[in-house]
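Residue numbers (this note's numbering): 1 to 358.
Cβ coordinates follow ideal geometry from the N, Cα and C atoms, glycine included.
Computed from a prediction, not measured in an experiment: that's the story for all the values here.
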Ligand SMILES: NC(=O)c1ccc[n+]([C@@H]2O[C@H](COP(=O)([O-])OP(=O)(O)OC[C@H]3O[C@@H](n4cnc5c(N)ncnc54)[C@H](O)[C@@H]3O)[C@@H](O)[C@H]2O)c1
């Protein structure tokens, strides 16, 4: 019998509310799953969410209480990053398969330890949430690239810029592990390669002063070398005050592919591919309308709402089929390894050379 998968969502903050909404919608529309429970310390907030979706769903006051109760087969964990390992360990021990929000743990040392534990005891229990892999515009760009439309690829530029600092109370291990982990995973996924060298450059220039969330930088660049034939430039910022900017440019010997550009049109993503100079027409041009949820949600949902939903749907499908997950803890470790290398070779104003005018 095709019983719906019982899914719980733990942590109903900025991101968890969106995952819970998607599980609820998939339950209503596909009957493949059921939103079996939510766990949230802020019970009032959880009650408001449950009232909004209009279905009676049990609320647990913590993920610890949820793990003790035998109410679900799978859990989406969306609690603060520094709790990821503890919370994933707890729910996996309770027999759940887990979709864990990025990053895996927030530090390289803990990532490696946790991944070794999972490899040994639970190799197929954890899917790591890298929603870009489920994003239609980026999937289309990957197809174009793999079809040879722009020839051999030698450079990728990937930018992710928030319009605001992380909110008060948000706990981050730094802008690179927190944000650039998306870009780095995107680049490794697009190219199927891992970098050999990395360097980071960072500044605290504006928005760090507007929040209690402490981060090393509010603007940073990560430069990655893949042997001698490919480089990647990652740009992350909390200072793009005009709105969320997500852009990827893939440079090939025969042209380039652009995914997205900022123009204060949050619900439309354009993918364009151009040939070499002299061509009159683009190689490809396609618009991807994004879903407007019609209510106030964090800005990353305007751009990636459909990808987050497709990611949860893929998680549910794998759980039901008892199949391995398309992204795992190992993808999280690889991305963090590249970022940590860059952070070991960080240049701030102290390391930069003084400019000497004659
Ligand atoms: N994929 C993305 O684009 C994306 C975007 C934003 C955040 N995230 C990730 O999602 C995670 C959460 O980020 P956020 O911005 O939603 O944070 P948040 O602070 O808004 O939400 C975290 C929630 O977890 C709850 N919580 C804490 N401990 C708990 C416990 N023991 N049991 C139950 N609930 C508990 C908090 O009360 C809070 O509501 C972070 O790891 C972050 O990196 C991912």
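Asked, Found
"Which same chain residues, not among the five before or five after residue 169, have their C-beta less than 8 angstroms away from its C-beta?", "212, 213"
"Is the CB-CB distance between residue 26 and residue 313 below 9 angstroms?", "yes"
"Output the distance between the C-alpha atoms of residue 240 and residue 120, rounded to the nearest integer angstrom.", "42 angstroms"
"Using CA atoms only, rank isn't needed, just tell me which of 265, 253, 303 is closest to residue 277.", "253"
"Following the continuous beta strand (DSSP E) through residue 97, name the residue where it begins and the one where it ends.", "97–101"
"Within its chain, find whatever has a CB closer than 6 angstroms to the CB of residue 335; leave out the 5 residues flanking it on each side and keep chain order.", "181, 184, 185"
"So, helix, strand or coil for residue 29, using DSSP?", "helix"
"Please find out if some non-hydrogen atom of ligand 1 comes closer than 8 angstroms to the beta-carbon of residue 441.", "Because residue 441 is not part of the residues shown, which for the chain are 1 to 358, the question remains open."
"Could you compute how far the alpha carbon of residue 282 sits from the alpha carbon of residue 152?", "18 angstroms"
"If I follow the unbroken beta strand (DSSP E) through residue 251, where does it start and stop?", "245–252"
"Let's see if you can read the secondary structure: which residues bound the alpha helix (DSSP H) around residue 331?", "329–344"
"Can you tell me whether DSSP reads residue 235 as helix, strand or coil?", "strand"
"Are residue 346 and residue 130 touching if we call contact CB-CB under 9 angstroms?", "no"
"With a threshold of 8 angstroms on Cβ separation, who are the neighbours of residue 66 within its own chain once the five nearest residues in sequence on each side are excluded?", "8, 10, 37, 39, 60, 72, 75, 91"
"Verify the contact flag: residue 58, CB atom, against every heavy atom of ligand 1, threshold strictly below 8 angstroms.", "no"
"Please give the ranges of any alpha helix (DSSP H) in the stretch 168–209, keeping only runs that are unbroken, at least 4 residues long and fully inside the region.", "181–191"
"Could you spell out the range, first to last residue, of the beta strand (DSSP E) harbouring residue 219?", "219–226"
"Counting only the same chain and skipping the five closest in sequence on each side, list residues whose C-beta sits under 6 angstroms from that of residue 248.", "158, 259"
"Considering only C-alpha positions, which residue in the set 32, 198, 352, 298 is nearest to residue 3?", "32"
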